Each structure stands twice: as C-alpha cells, then as structure tokens.
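Trainee: Numbers 387 to 952, taken from this note's numbering, label the letters of the sequence shown in order. Think of the CB as a built atom: it goes at the ideal place given N, C-alpha and C, for glycine as much as any other residue. This structure is a prediction, so every number in the text was calculated from the model and none was measured.
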Amino acid sequence: MAAAQDKPEPASAHANRRVIDDEKNDASSGDIRETLVEVSAENQLLRHLGNRQIQLIAIGGSIGTALFVSIGGGLAKGGPGSLLIGYTIYAIMVGMVNNSMAEMVTYMPVSGSFIRMAGRWVDEALGFMAGWNFFLYEACLIPFEISAINLVLGFWRDDIPPAAICVACIVLYAIINIMAVQYFGEAEFWLSSGKILLICILYMFTLVTMCGGNPQHDAYGFRYWSDPGSFAEHIHTGTLGRFEGFLGAVFSAGFTVVGPEYLAMVAGEAERPRTYLKNGFKTVYWRFGVFFIGGALCVGIVLPYADPTLQNADTGTANGSPYVIAMQNMGIGILPHIVNALMITSIFSAGNAYTYCAMRSLYGLACDGQAPKIFQKTLKNGIPVYAFALVMVFPFLSFLQVSNNTAQVVTWLATLTQGSQMINYIVMSLTYIFFYNATKAQGIDRRSLPYYGYFQPYCGYIGMAWMVIIEGIFGYSVFLPGKFNVGDFFAFYTMAMVAFCTFFGWKIYRRTKFVAPAQADLVWEKPAIDAYEASHNEPPTRFRDEIRAMFFGNRKRENYMGEDPN
Numbered sequence: 387m388a389a390a391q392d393k394p395e396p397a398s399a400h401a402n403r404r405v406i407d408d409e410k411n412d413a414s415s416g417d418i419r420e421t422l423v424e425v426s427a428e429n430q431l432l433r434h435l436g437n438r439q440i441q442l443i444a445i446g447g448s449i450g451t452a453l454f455v456s457i458g459g460g461l462a463k464g465g466p467g468s469l470l471i472g473y474t475i476y477a478i479m480v481g482m483v484n485n486s487m488a489e490m491v492t493y494m495p496v497s498g499s500f501i502r503m504a505g506r507w508v509d510e511a512l513g514f515m516a517g518w519n520f521f522l523y524e525a526c527l528i529p530f531e532i533s534a535i536n537l538v539l540g541f542w543r544d545d546i547p548p549a550a551i552c553v554a555c556i557v558l559y560a561i562i563n564i565m566a567v568q569y570f571g572e573a574e575f576w577l578s579s580g581k582i583l584l585i586c587i588l589y590m591f592t593l594v595t596m597c598g599g600n601p602q603h604d605a606y607g608f609r610y611w612s613d614p615g616s617f618a619e620h621i622h623t624g625t626l627g628r629f630e631g632f633l634g635a636v637f638s639a640g641f642t643v644v645g646p647e648y649l650a651m652v653a654g655e656a657e658r659p660r661t662y663l664k665n666g667f668k669t670v671y672w673r674f675g676v677f678f679i680g681g682a683l684c685v686g687i688v689l690p691y692a693d694p695t696l697q698n699a700d701t702g703t704a705n706g707s708p709y710v711i712a713m714q715n716m717g718i719g720i721l722p723h724i725v726n727a728l729m730i731t732s733i734f735s736a737g738n739a740y741t742y743c744a745m746r747s748l749y750g751l752a753c754d755g756q757a758p759k760i761f762q763k764t765l766k767n768g769i770p771v772y773a774f775a776l777v778m779v780f781p782f783l784s785f786l787q788v789s790n791n792t793a794q795v796v797t798w799l800a801t802l803t804q805g806s807q808m809i810n811y812i813v814m815s816l817t818y819i820f821f822y823n824a825t826k827a828q829g830i831d832r833r834s835l836p837y838y839g840y841f842q843p844y845c846g847y848i849g850m851a852w853m854v855i856i857e858g859i860f861g862y863s864v865f866l867p868g869k870f871n872v873g874d875f876f877a878f879y880t881m882a883m884v885a886f887c888t889f890f891g892w893k894i895y896r897r898t899k900f901v902a903p904a905q906a907d908l909v910w911e912k913p914a915i916d917a918y919e920a921s922h923n924e925p926p927t928r929f930r931d932e933i934r935a936m937f938f939g940n941r942k943r944e945n946y947m948g949e950d951p952n
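1. With a Cβ-Cβ cutoff of 8 Å, do Gly654 and Pro495 count as a contact?
2. DSSP on Pro623, reduced to helix/strand/coil?
3. Within this structure, are the beta carbons of Val909 and Pro646 separated by less than 8 Å?
4. Using DSSP with H/G/I as helix, E/B as strand and the rest coil, what is Leu908?
5. Could you pull the start and end residues of the alpha helix (DSSP H) that Lys668 belongs to?
6. Cutting at 7 Å between CB atoms, please list the residues of its own chain near Val508, excluding the five before and the five after it.
7. Less than 8 Å separating the beta-carbons of Ser638 and Phe454?
8. Can you check which of these residues, Gln905, Ala877, Glu924 and Lys869, is closest to Ile621 by C-alpha distance?
9. Does the count of Cβ pairs from the region 650-665 and the region 581-589 closer than 8 Å reach three?
10. Under 8 Å Cβ to Cβ from Phe875, same chain only, skipping five residues before and after it: list those, please.
11. Hey, Pro690 and Tyr610: beta-carbon distance below 8 Å or not?
12. Please go through the same chain and pick out, in chain order, the residues whose beta-carbon is closer than 6 Å to the beta-carbon of Tyr473, but skip the five residues on each side of it.
13. Can you look up Ala757 in the DSSP assignment and give me helix, strand or coil?
14. Name the residue from Ser921, Asp544 and Ile562 whose alpha carbon lies nearest to the alpha carbon of Val771.
15. Helix, strand or coil, according to DSSP, for Leu539 in the structure here?
16. Closer than 6 Å by C-beta to Thr803: which residues in its own chain qualify, once you throw out the five before and the five after it? Chain order, please.
17. In three-state terms, what does DSSP make of Thr817?
18. Work out the CA separation of His434 and Gly873 for me, nearest whole Å.
19. Between which two residues does the alpha helix (DSSP H) harbouring Thr474 extend?
20. If I measure Cβ to Cβ from Arg658 and keep anything under 7 Å in the same chain, skipping five residues before and after, which residues do I get?
21. Lys759 and Ala511: beta carbons closer than 8 Å?
22. Quick check on Glu531: buried or exposed, where buried means 16 or more other Cβ atoms within 10 Å of its Cβ?
23. Beta carbon of Ile443, beta carbon of Val652: below 8 Å?
24. Cutting at 6 Å between CB atoms, please list the residues of its own chain near Asn347, excluding the five before and the five after it.
25. How close, in whole Å, do the beta carbons of Val884 and Ala650 come, if the pair is a contact with beta carbons under 8 Å?
26. Rounded to a whole number of angstroms, what is the C-alpha to C-alpha distance between Val538 and Ala550?
27. Taking the C-alpha atoms as reference points, what is the distance between Leu633 and Trp852?
28. So what's Thr898 in DSSP terms, helix, strand or just coil?
29. Does Gly858 pass the burial test, meaning 16 or more other C-beta atoms within 10 Å, or should it be called exposed?
30. Tell me, please, which residues DSSP counts as bridged to Pro770.
31. For Cys684, count neighbouring C-beta atoms within 10 Å of its own C-beta (all shown protein chains included) and say buried if the count is 16 or more, exposed if not.
32. Alpha carbon to alpha carbon, how far is Ile564 from Ile769? Give it in angstroms, no decimals.
33. Can Ile809 and Asn519 be called in contact, C-beta distance under 8 Å?
34. Inspect the CB distances between the region 587-602 and the region 711-723 and report whether three or more fall short of 8 Å.
35. Suppose the cutoff is 6 Å on Cβ atoms and the five residues either side in sequence are ignored; what does the same chain contact list for Ser806 look like?
36. Determine, using beta-carbon pairs with one atom in the region 461-478 and one in the region 823-842, whether at least three such pairs fall under 8 Å.
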C-alpha cells in the first residue's frame with residue numbers, strides 16, 4: 387500500500403491548510419483553539435469534554451437497566467451456560483464493530499460521527515437512514531429508562547404516582563442537557579462512577595456469598611449450574627428448546643452489550659479527540675469483558691434460572707433484578723436497599739446519555755441537510771436548542787405507565803428499540819468497509835492514522851454479517867405455529883421497516899449514488915481538526931493524573947473543562 391505522503395495533496399486540503407497557517411501566524415495558540423472549534427460553518431458545538439469525563443462515559447455511559455434488570459430475562463430463557471456463552475459471543479462481535487469505529491472516529495472526530503460518515507463515505511441515503519434510526523432509537527430509550535426507574539422504585543412501595551416520577555426525570559434531564567456540555571460531562575462522570583461502584587458491590591456480593599458468606603453459611607459455588615442445570619429450555623423442549631434458550635440469551639445480550647456508539651457521539655465535543663477518544667475506545671474491550679461477560683457469569687452463579695420470581699425481570703414488579711431476588715432469597719436485609727438506590731442512579735444516567743445522543747444525532751442530520759436547518763441552531767454555550775426541544779417531547783411517552791402496567795411499557799420500548807441497535811452496528815460496519823476501501827484507493831497508509839485497527843477489513847465484514855443475521859431472526863418466535871401476533875410482529879420489526887423506507891425513500895427522492903472509493907471525501911474537516919490538535923502547547927493529561935488532581939489539587943482547568951487558562 388502506498389504511503390499517504392506519496393499521494394498529491396488535494397487542492398481543497400491545501401487551501402484549508404494555508405488558511406489555518408495564516409491564522410497561526412496572526413493569533414496565539416489559545417485564540418486559534420477557539421477559532422478552530424467553530425472553523426466549520428456546519429459545526430457550532432464546543433470541545434469542552436475532557437479526558438476524565440470521556441473515559442467515564444466510555445466505561446459506564448451505556449450501562450443501565452439491561453445489565454442490572456433485563457439480563458435476568460436472558461437467564462430465565464437460556465440458563466447460566468447459554469447466558470455466558472451468548473454474552474461472550476455478542477461482546478466479541480460488538481468489539482469488532484468498536485475496532486472499526488475507533489479507527490474512523492479518531493481519524494475524523496466530527497459532530498454526528500458515524501451518521502455523517504455514512505452519508506459522506508457510503509451513500510447520502512445511508513446517512514439519512516442511519517441518522518433517523520439512531521435518533522429514534524435514542525429518543526425512545528429515554529422513556530424506557532424512566533419507566534424502569536418506576537419499576538425499581540416499586541421495591542420500596544407501590545403507591546408512588548408514576549406521573550410524579552416521570553415529571554421529575556423530565557425536568558432533571560432538561561436541566562442537565564440545556565446547560566453547557568461540560569456540565570453534562572461532569573454529571574455523567576459522577577453518575578458513571580456510581581455505576582462502577584454498583585458493579586463492584588454486586589461482584590463482591592457474588593464472590594462472598596458463593597464462598598459461604600451469607601446468612602445460611604451455604605457455600606453454594608456453582609451449584610445452580612448443575613441444579614437445575616446450565617442450559618434451559620425455551621419455547622420447545624429437548625435440544626431444540628435448549629438452542630432456542632441460547633438464542634434468547636443472545637437476544638438479551640443484543641440489548642445489553644452496547645457502547646461504541648455513545649463514545650462516537652461525543653467526538654464533536656471532545657477535547658484533544660485524537661488522544662482522548664483513542665484511549666476511550668481502548669477501554670471498551672476490557673469493559674465488555676469485566677462488565678458484560680462478568681455480569682452474565684455472576685447472574686448465573688447467584689440465582690437458578692428456574693426461580694419463579696425471575697420472571698419479573700421480563701414482565702414486571704419491583705423485584706425484577708436477579709441480584710435483588712438472590713439477596714432476598716438469602717435473607718440479606720440492608721444490601722438490597724443499597725443496590726436499588728445505586729441502580730436508580732445508574733438507570734437515570736443511561737437516560738441522560740440517551741437524551742444527549744438523541745440531540746446530537748438530530749443536530750448532525752441538520753448539518754448535512756437531512757433534517758430541518760432549525761435543528762442546527764445552537765445557543766452560545768453550544769447546545770442545539772431546537773434539537774433539545776424536540777428530543778424532550780419523547781420522555782413524555784413514559785406517561786403510558788399511567789394507563790398501562792409499568793413493566794409492560796418497559797417491554798414494549800425495549801423490543802422496539804433492540805432492532806434499531808443492530809441496524810446501528812450494521813451501518814457502522816458497512817461504513818468502515820467503504821472507509822477501508824477509500825484509504826486503499828487514495829493511497830493513505832492506515833498505520834499512520836491515530837488508531838490502527840488490526841484484523842481489518844475482516845472485523846467489519848464479520849461484525850456486519852453477525853448483526854444482519856441477528857436483526858433478521860431476533861423476532862423469529864412470532865412466525866412459529868400458533869405464535870403469530872400482529873403487535874409482537876411490529877414490535878420486533880418496525881424499525882427494520884422504517885430503515886428500509888427511509889433509505890430507499892431518500893435514495894429515490896434525491897437520486898443518490900454509492901460513493902466510489904477514489905471519490906470519498908477523506909479530507910472533509912481533517913485540516914481544522916489537525917490544526918486544533920496542533921494548537922495545544924501542553925501534552926495530553928492522563929486519566930489517573932486528572933483524578934489525582936481533582937482530589938488533591940494542582941489541576942489546570944484547560945485539562946478537563948476545555949477552557950484556556952490564559
């Protein structure tokens with residue numbers, strides 16, 4: 387493969403660099419930084435998310451209801467063996483998607499991220515479809531998390547008015563997301579820290595109690611892997627039933643194992659994105675192993691899949707978390723209250739992250755002319771105000787709880803959005819394949835990029851193939867004899883049909899074509915981003931140094947708030 391420097395520089399890139407060089411000569415590095423944040427007329431967001439905030443968003447930003455509550459549904463359907471295998475396989479597949487996303491996002495950390503990349507490097511119609519799919523996915527998850535908060539609050543009492551909780555969450559999400567982005571980042575830092583604390587508590591609970599540290603002094607170990615067994619039967623019996631149980635566990639993982647998309651969406655507001663985002667994407671791999679695979683293992687240890695209360699994880703009451711069920715079975719008194727309190731903050735944090743991502747995806751669509759331009763309007767603090775206003779309509783869907791069972795609403799929203807998540811990963815993988823071919827056609831050495839993804843483009847192909855298969859079969863149960871239900875069918879496949887209509891509708895309306903590798907715009911906003919990175923006089927800070935400085939002083943605001951100390 388030819389080196390990048392052997393290819394003649396495009397005229398547009400040369401012109402951009404010349405303008406930026408002139409700016410460097412006429413202004414201080416601090417002034418350049420402020421100028422380059424808004425060098426593109428399309429991007430009015432501000433790079434105020436620092437390393438400390440980005441790393442915690444990467445570690446815990448997407449952890450919510452699924453890991454603590456909904457995972458019990460996967461255990462009930464598949465058993466501990468299927469759950470562990472299913473989560474491991476799915477985590478590996480999403481890791482491949484992460485490998486692809488990391489290379490693209492660190493190279494071109496733009497607002498809208500993979501949504502706009504799909505439109506620039508693959509087909510404008512794909513960007514349109516990806517943007518609206520991701521927007522609807524994130525926006526619908528906000529009321530899902532609010533409904534889940536009501537479900538968990540029922541642990542203490544069942545007479546709390548659901549409408550009051552809905553109003554409180556909506557107001558808090560509005561306050562956090564209308565303020566400057568650094569305040570969102572600060573809120574996520576502390577909320578994500580609470581998630582990590584909760585996970586550590588649950589892992590210690592698993593380890594101590596399985597070794598006999600419980601009121602019964604029963605060292606149960608891996609007992610539930612043999613009684614009632616490692617593999618549960620689901621729908622049918624025998625080998626077919628166990629395979630369907632495995633599929634149930636895989637589909638549970640499809641709703642739980644997420645992450646790279648949330649890190650990608652902060653790219654347009656990240657300080658020093660080439661460094662901090664790269665570090666964030668690297669943490670995704672061990673996070674998958676420790677949190678998701680480890681969580682699947684722990685759930686299968688502390689509770690048998692045949693526990694009757696476990697059905698609440700799928701359908702309903704306050705005790706839906708498998709960890710809380712296990713604690714109550716052992717007669718542990720105080721810990722369930724602590725876990726539920728931390729669980730509420732974790733679920734709230736996930737809804738907060740979904741609000742942020744929905745706003746930024748709608749903003750990215752407006753930047754590329756695929757949503758009304760009004761959604762591109764920002765306040766002085768960089769918040770897309772009209773995008774914020776539209777997104778805040780969706781949390782009101784949580785008021786469905788007032789006339790329906792809370793857990794039924796949770797199930798509806800979870801099923802509806804799960805298909806969207808797999809479409810997101812299909813788009814990311816397909817975009818990477820086009821990006822890979824474009825770098826090859828244009829003579830760009832991928833080893834010179836900020837992040838070099840190994841085993842490419844095979845990760846892109848394997849990840850895309852897996853997600854296409856899962857998207858096609860995750861609603862298979864509605865096609866079984868006597869199982870068809872119109873409501874269930876649309877719950878499983880509505881977003882797939884929306885994706886089909888938006889892609890081909892935009893393609894026909896705008897007569898778009900797939901982008902040839904040699905014609906893909908790999909320059910885009912790169913000159914401005916390069917200059918922004920070069921304008922920093924100090925080396926990037928390390929995460930542990932920022933944490934140490936936060937507690938012991940001697941910190942510089944520029945390192946974590948994105949502000950010029952001069």
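Mentor: For this structure:
1. yes
2. Rather than Pro, the amino acid found at residue 623 in this sequence is Thr. Coil at Thr623, not helix or strand.
3. no
4. Leu908 sits in coil when the DSSP states are folded into three classes, being neither helix nor strand.
5. Pro659 to Arg673
6. Excluding positions up to five away in sequence, the list reads Leu816, Thr817, Phe820, Phe900 and Val901.
7. Going by C-beta atoms, Ser638 is not nearer than 8 Å to Phe454.
8. For the residues Gln905, Ala877, Glu924 and Lys869, the minimum Cα distance to Ile621 belongs to Lys869.
9. no
10. Gly861 and Val864
11. yes
12. Ala639, Phe678, Ile679 and Ala682
13. Ala757: coil per DSSP, three-state reduction.
14. Ile562
15. helix
16. A distance below 6 Å between beta-carbons, with the five flanking residues on each side excluded, links Thr803 to the following residues of its chain, in chain order: Tyr523, Cys526 and Leu527.
17. helix
18. Looking at the two C-alpha atoms, the distance is approximately 44 Å.
19. Membership of Thr474 in the alpha helix (DSSP H) is indicated by the continuous run Ile457 to Tyr493.
20. Glu919, His922 and Pro926
21. no
22. Label assigned to Glu531: buried.
23. Taking 8 Å as the Cβ cut-off, Ile443 and Val652 qualify as a contacting pair.
24. Outside the shown range of the chain, which is 387 to 952, sits residue 347, and nothing can be said about it.
25. So it is not a contact: roughly 21 Å between Cβ atoms.
26. 15 Å
27. If you take the alpha carbons of Leu633 and Trp852, they lie about 13 Å apart.
28. Here DSSP, grouped into helix, strand and coil, assigns Thr898 to coil.
29. exposed
30. Thr764
31. buried
32. Going by the C-alpha atoms only, they are around 6 Å apart.
33. yes
34. Because the criterion of three Cβ pairs below 8 Å is met, the region 587-602 and the region 711-723 touch.
35. Asn519, Tyr523 and Met881
36. no
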